[in-house]
Amino acid sequence: MVAPPDDDVLWARGITYAYSGSPALTGVSFGVHEGEVVALTGPRGCGKTTLLECLSGRLLPDDGEVWFNGSPVHTLTQLGRERLRREHFGWIDPAPRLVPELTVWENVALPMMLRGTPRRTARTTAREWLDRLDVGDRERERPAALLQSQRQRVAIARALAATPKVLFADEPTAPLHHDDRGQVLRTLTAAARSHGITVLLATHDSEVAPLADQTVALLDGRRVGAIPAPDAEGRDACSVSA
Ligand SMILES: Nc1ncnc2c1ncn2[C@@H]1O[C@H](COP(=O)(O)OP(=O)(O)OP(=O)(O)O)[C@@H](O)[C@H]1O
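So that you can map any letter, position 7 of the sequence shown is 7 in the UniProt record's numbering, and since no number is skipped, the others follow by simple counting.
And the structure:
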């Protein structure tokens, strides 16, 4: 095992994964600096979700290495990977998964309270994030009373409010109307930047590339190159090694 570069918060080397013998990823490598926004792009079925799952410890790669903050993830036990996800990682699904019995603000506050944040503080933080995602006025309602697009905004608020070290977002704007997507993506990436949250964002959305520090493109489970975004606001390009 070769240790990753010191300044990479997340580092993947030669990630290979197959579902029942059918290859989904083959030898994918890249590194991500702390606080960067990385867009994972490619056509349907190219392996974006599988890559996010391998990087976040949800799946164990068949081959290759994943490192987080200089420590190997791929050698952790299932319990160790669950703890890592709970304490340091966030996840946004293409469709919102909220707890139906809880109100909107309770859904957002829950991960914070599970980590020991007092209820009152968690509620205040939840409200702030719901306001940022333009669903603050629905905070006392239950998810069933909201539109699917509003529920997705709540799910995004929940992921950001917990200020994870790394946020994995799988098609986070999928349930939104086209007109809303750009605004939610800008809110998500700006909020992540202001809180130093590293974001890996799988998407078909062409609006993501200009908001990302780096685009990593996949085709049939392999990397086909990365398109560095124009350096904006003094940001450095993401380090990527094939
Ligand atoms: N649970 C599974 N069982 C079997 N094959 C799977 C499973 N999940 C994904 N695959 C296959 O693995 C390949 C990569 O799928 P993956 O979902 O990672 O791609 P994707 O780029 O995220 O696609 P999409 O844009 O449609 O979400 C595809 O061929 C897919 O059919």
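Cβ coordinates follow ideal geometry from the N, Cα and C atoms, glycine included.
Small disclaimer: the values here were computed from a predicted structure and weren't measured.
Residue 78 counts as exposed, since fewer than 16 other C-beta atoms from the protein chains shown sit within 10 angstroms of its C-beta.
Taking residue 177 as reference, the option from 187, 148 and 93 with the minimal CA-CA separation is 148.
Rounded to whole angstroms, the gap between the alpha carbons of residue 33 and residue 212 is 12 Å.
The beta carbon of residue 8 sits no closer than 8 Å to any heavy atom of ligand 1. Counting every other CB atom within 10 Å of its CB across the protein chains shown gives residue 104 a total of 16 or more, marking it as buried. Within the same chain, and ignoring the five residues on either side of residue 197 in sequence, the residues whose Cβ sits closer than 8 Å to its Cβ are 35, 90, 160, 163, 164, 165, 166, 167 and 191.
Taken through DSSP and simplified to helix, strand or coil, residue 44 comes out as coil.
Inter-segment contact for the stretch 134-142 and the stretch 151-158 is present: three or more beta-carbon pairs are separated by less than 8 Å.
Of the other Cβ atoms in all chains shown, 16 or more fall within 10 Å of the Cβ of residue 17; this residue is therefore buried. Proximity of the beta carbon of residue 49 to ligand 1 is indicated: a heavy atom of the ligand is located closer than 8 Å. Collapsing the DSSP output to three states places residue 177 in coil. At the C-beta level, residue 54 and residue 122 stay beyond 9 Å of one another.
According to the DSSP secondary-structure assignment, residue 25 is paired through a beta bridge with 17. The straight-line gap separating the alpha-carbon atoms of residue 48 and residue 84 is approximately 21 Å. Taking the C-beta atoms as reference points, residue 199 is found nearer than 9 Å to residue 37. Note that the C-beta distance between residue 115 and residue 141 is not below 9 Å. Residue burial annotation: residue 219 is exposed, with fewer than 16 other C-beta atoms found within 10 angstroms of its C-beta.
Check the Cα spacing between residue 124 and each of 158, 215 and 14: the tightest is with 158.
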